[in-house]
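*Asks:* In numbering that gives the first Met the number 0, the protein residues as written are 0 to 776.
We put the beta carbon where it would ideally sit given N, CA and C, even for glycine.
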Amino acid sequence: MTSFKQPLLAIAISGLLFGCGSESNNPIKEPEDQKAMEVFRAKWNHYLIGDPALEYDSALQAKIATLNTQTEGWLNSQPLRADGTFADLVITPSNIDSQLRANYLRLLAMAKSYTLPQGDLFGNVTLKTTIESSLTRLNQHYYHANVTEQPGNWWNWQIGTPKVINDILMLMKDDLDPDLISQYILATRHFVPDPTTINVGGNIKPSVGANLVDTSQVVLVRGILDKNDQDIDAALQSVSTVIDTVNQGDGFYLDHSFIQHTDIPYTGTYGNELIKGLGLIVGSAEAAQLPALDNLNLERIYPILLESFYPFLVNGRMMDSVNGRAISRINGQNDKLGHATLNAMLLYVASTPDSQHEQLSRVIKSQILTDLQGDFFDSIGLFYPYQMARTIVEDSAIDVITHRSEHVQFPAMDRVVHHRPDWSFSIAMHSNRVGNYECINSENTQGWYSGDGVTYLYNQQDHYNQYWPVVDAYKLPGITVLDEVRNPCSGQRSEQREGRQDAITWSGGSQLDQYGSVGFNFTNYNNLLSAKKSWFLFDQDIIALGSNITNNSSSNALTVIENRKVVHNASIYVNGEPLSGPDGFTGRLERLEIQYDTTQHPIQYIALSDNTVNVKQTCRQGDWSDIGVNSGKVEGCFVSATFDSDLHNNYQYAIVPNAASGYVPEIEVLSNDATAHVVAHQALDLIAANFWTSGKVGNIEAQTPLSMMMKQHGNGDMTVSVSDPKWSSHVIAFSLDKNITISHDADNRVSIDASGIISVDVGDLDGQSYTFSLKRI
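This is the structure in structure tokens:
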């Protein structure tokens, strides 16, 4: 590998040396290799319980004290049963997979208490005896090499449980019976014989994406415990492939999208687990300078952190547009997933190459300090990332990012993000390439419309934590939808469920600098509703257009402008008047304002066409069990704005976050029909367009479907960005009513024929934008 910022071999081993271990087919015998294994294990354990070279501050000390108190409580009140389980974690035939893992998770917490020198239970003989006794009996009864069935979820048997077991053995290897360690090595080899496959209900399938990192981790740590170079080599070779670019299925794409489960955008969950596991592997293997690292190019992961993950982080949170079914979990809310992603990023800081080190550190510091919850340091997981976070935040040489203006398209997963210094916006779509939503394991049972053009607006308030159990799932912001009752988990248009929605071929857009055009030629899950939808994103405004809304069902169709969770004392104004009464407002909307308090600018929704809109403020109650497997009551108040799409088959409005009351967008809508959606931003001299088909609007004539942004310069020159959101053409073409020539074309993709038609070769861009410059002759 290339050289890294810090020489990670300078690590205190802290007495974590290896015992005799178990016999293996291919043991490592050289003294220098033995030392490498010791260094690997020391580094791995530092991730789990902290690096003694870094400070254990008062918060960590409190965490250790809490952990010790918890462990003492288990020792005193939860005796082991004959099968090695704790009294309150009884295994039955129906819960064996999850409850077995729960027992091992408790043992891992106890192992941390035993191995933390700062704790009162460090080296406690009674604690050691309990851990070893439970491990022995659990191995004898449940997790051993002769198990023939894997009831329940395969993940618990092949990933969740062996990862936890390996961590326990890494922490306590010097204090456990070598024969017990050998039995567990045989067990994990039985359940995970190699890192490249998983066994799902008796079907052997490739292990891919985040799962491949997990299975590689199981095999790698087993190889370290067993001193088996075949396992180590196989694991590192396999894990290196997860950062290869893919063009279908699970993994990272050319445009930095991340897909798991064949076609579901999952950056915030599976993607986060991937970089966490890879961070543990890369950091420990680099510290040990394992020979198997040679020529694997694992340093390719560092740009991915900034290009695939950072765009979806806002104020310490991970945008829900890429969190998948985790939105239905209490521990899967956007602040928790944001913190988890930052903790994963922190695993890489010490080894990040100089070219990315400063930016990664700035990103982490900025996200922690702008966290609206202010609780990043209150939820301590792995100790080492916490220590690194404290170091970074307290380092005055690391600047905070104060001005963030960017627009990023992720066409391979039909996602868009748009950032400004005091607000951020995201759009979630789907297509014949990307699934609409996922409901499995009784999670995300009401996620029906979460990929149907849902818009997410983030500003100073926190709207999306505890949002999903209580929001009206039939009325999500941005969607055009049928007013009908749905069955849980119905209408999953994804490759692994009911097949992707092949009717949606136009999904995506173009970006020019920090601005973007987004288009969605939408057809609903059962092909009874369709609409052409666009969003044009600028500095202060998001312009939403819709046209050709066609309803072939017996249900009413409606379009949702907003359904926003607000604090109970928020002030809501419709056309300048306070919203009041249980019936709300129904009539011609000019402007809707949501004012949270006198210190914050409002969010404004400004009508750009004459539609009758219904605005209501309602308070709702829900339960986590309504949408997933957790339980607990949730309450929330919402402001909703909708209109009847059967009465108005088009719409146009502006969303204006954090601007002063009375703000007027400098926007002209040039087209909103079956041919194209086109707007002109006068102050920016920008034209933004989505051509659904060939046609002419103003001086732009599209010969093919395309998305476009065009910036006029004072000297008559122009910068143009185009894309093919249909992914169907090798060449897209348009013309302008003026004599022009090409002034800049970095990749030689643009040509102009004698009739003035401008052709752009986009065949290998997979929906991404291409930017070039034209000059008036």
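1) Quick one, which of Asn67, Pro264, Pro601 and Tyr347 has its alpha-carbon nearest Met42's?
2) Would you identify the three-state DSSP class for Arg221, choosing helix, strand or coil?
3) So is Thr340 buried or exposed if we call it buried at 16+ other beta carbons inside 10 Å?
4) Do Gly508 and Ser706 come within 9 Å of each other at the CB atom, strictly closer than that value?
5) To the nearest angstrom, report how far apart Asp232 and Leu289 are at their CA atoms.
6) Per DSSP, what kind of secondary structure is Arg419 in: helix, strand or coil?
7) I'd like to know whether the C-beta atoms of Leu591 and Pro664 end up nearer to each other than 9 Å.
8) Tell whether a beta-carbon distance below 9 Å holds between Ser404 and Asp538.
9) For Thr444 versus Ala556, is the C-beta distance shorter than 9 Å?
10) Strictly by DSSP, which residues pair up with Thr585?
11) Measuring straight from C-alpha to C-alpha, what distance separates Ile130 and Leu120?
12) Rounded to whole angstroms, what is the Cα-Cα separation between Trp73 and Asp174?
13) Identify every residue that forms a DSSP beta bridge with Gly507.
14) Count the other CB atoms within 10 Å of the CB of Asn322; is the residue buried (16 or more) or exposed (fewer)?
15) Using C-beta distances below 6 Å, list every residue in its chain close to Ile400, excluding the 5 sequence neighbours before and after it, in chain order.
16) From the DSSP secondary-structure annotation, give me the bridge partner or partners of Arg299.
17) Taking Leu279 as part of the alpha helix (DSSP H), name the residues at either end of that continuous run.
18) What's the gap between the Cα of Gly315 and the Cα of Gln332?
19) Roughly how many angstroms lie between the CA atoms of Trp841 and Pro384, to the nearest whole one?
20) For Pro468, does the count of other Cβ atoms within 10 angstroms reach 16, so buried, or fall short, so exposed?
21) Have a look at the DSSP bridge pairing and note the partners of Pro619.
22) Starting from Gly337, trace the beta strand (DSSP E) in both directions and tell me its first and last residue.
23) Per DSSP, which residues does Thr740 bridge with? Please list them.
24) What three-state label does DSSP hand Tyr309 in the structure shown?
25) Does Ile548 pass the burial test, meaning 16 or more other C-beta atoms within 10 Å, or should it be called exposed?
26) Using 10 angstroms around the beta-carbon of Asp778, count the other beta-carbons present and answer buried if the total reaches 16, otherwise exposed.
27) Starting from Lys204, trace the alpha helix (DSSP H) both ways and give me its first and last residue.
28) Which residue or residues does DSSP assign as beta-bridge partners of Ala530?
29) Check Leu53 in the structure and name its three-state DSSP category.
30) Could you check which residue in His140, Ile63, Asn138 and Ala144 has the C-alpha nearest to that of Lys111?
31) Using a Cβ-Cβ cutoff of less than 8 Å, which residues in the same chain neighbour Leu295 once the five nearest sequence positions on both sides are dropped?
32) Could you tell me which whole beta strand (DSSP E) segments of length 3 or greater appear in the segment 699-738?
33) Pull up the distance between the alpha-carbon of Pro487 and that of Ile439, whole angstroms please.
34) The alpha helix (DSSP H) spanning Arg100 covers which residue range?
35) Do you know how far the Cα of Asp293 is from the Cα of Gly490?
36) Thinking Arg563 and His462 are a contact (beta carbons under 8 Å), I'd like their distance in whole angstroms, please.
*Replies:* In brief:
1) For the sequence presented, residue 42 should be read as Lys rather than Met. Taking only the C-alpha atoms, the option nearest Lys42 is Tyr347.
2) Residue state, collapsed to three classes: helix.
3) With at least 16 other beta carbons inside 10 angstroms of its own, Thr340 counts as buried.
4) A Cβ-Cβ contact shorter than 9 Å links Ser706 with Gly508.
5) Distance between the alpha carbons of Asp232 and Leu289 is about 9 Å.
6) For Arg419, the three-state secondary structure derived from DSSP is strand.
7) Not a contact, by the Cβ cut-off of 9 Å.
8) Yes, these two residues count as a Cβ contact at 9 Å.
9) Going by C-beta atoms, Thr444 is not nearer than 9 Å to Ala556.
10) DSSP lists Asn613 as partners of Thr585.
11) Near 13 Å, if we compare the C-alpha coordinates of Leu120 and Ile130.
12) C-alpha separation (whole angstroms): 20 Å.
13) Partner(s): Gly518.
14) The residue is buried, with at least 16 neighbouring Cβ atoms inside 10 Å.
15) Correct list, in chain order: Arg361 and Ser365.
16) Paired residues: none, contrary to the question.
17) Going by DSSP, Leu279 is part of the alpha helix (DSSP H) stretching over Asn271 to Ala287.
18) Those two C-alpha atoms are separated by around 12 Å.
19) With the chain represented from 0 up to 776, any question about residue 841 goes unanswered, as that position is not in the structure.
20) Label assigned to Pro468: buried.
21) In the sequence as presented, Pro is not what sits at residue 619; that position holds Arg. DSSP, once it has assigned bridges, lists Gly635 as partnering Arg619.
22) Per DSSP, Gly337 belongs to no beta strand (DSSP E); it is in the alpha helix (DSSP H), Asn333 to Leu345.
23) The partner list for Thr740 (beta bridge, DSSP) reads Lys774.
24) DSSP places Tyr309 in helix when its eight states are reduced to three.
25) Ile548 should be labelled buried.
26) Because the chain is modelled from 0 through 776, residue 778 falls outside the range shown and cannot be assessed.
27) Not the alpha helix (DSSP H): Lys204 falls in the beta strand (DSSP E), residues Asn202 to Pro205.
28) In DSSP, Ala530 forms a bridge with Phe521.
29) It is coil, neither helix nor strand.
30) The candidate whose alpha carbon is nearest that of Lys111 is Ile63.
31) If we look at Leu295 and ignore the five residues flanking it on each side, its Cβ neighbours are Met0, Leu235, Gln236 and Ser239.
32) Contiguous beta strand (DSSP E) elements confined to the segment 699-738 occur at 699-701, 705-711, 717-722 and 730-735, taking only those with 3 or more residues.
33) Each residue's Cα considered, the two are about 11 Å apart.
34) Bounds of the alpha helix (DSSP H) holding Arg100 are Ile95 to Thr114.
35) For the pair Gly490 and Asp293, the Cα-to-Cα distance works out to about 47 Å.
36) Contact between Arg563 and His462 holds: CB atoms are separated by about 6 Å, below the 8 Å threshold.
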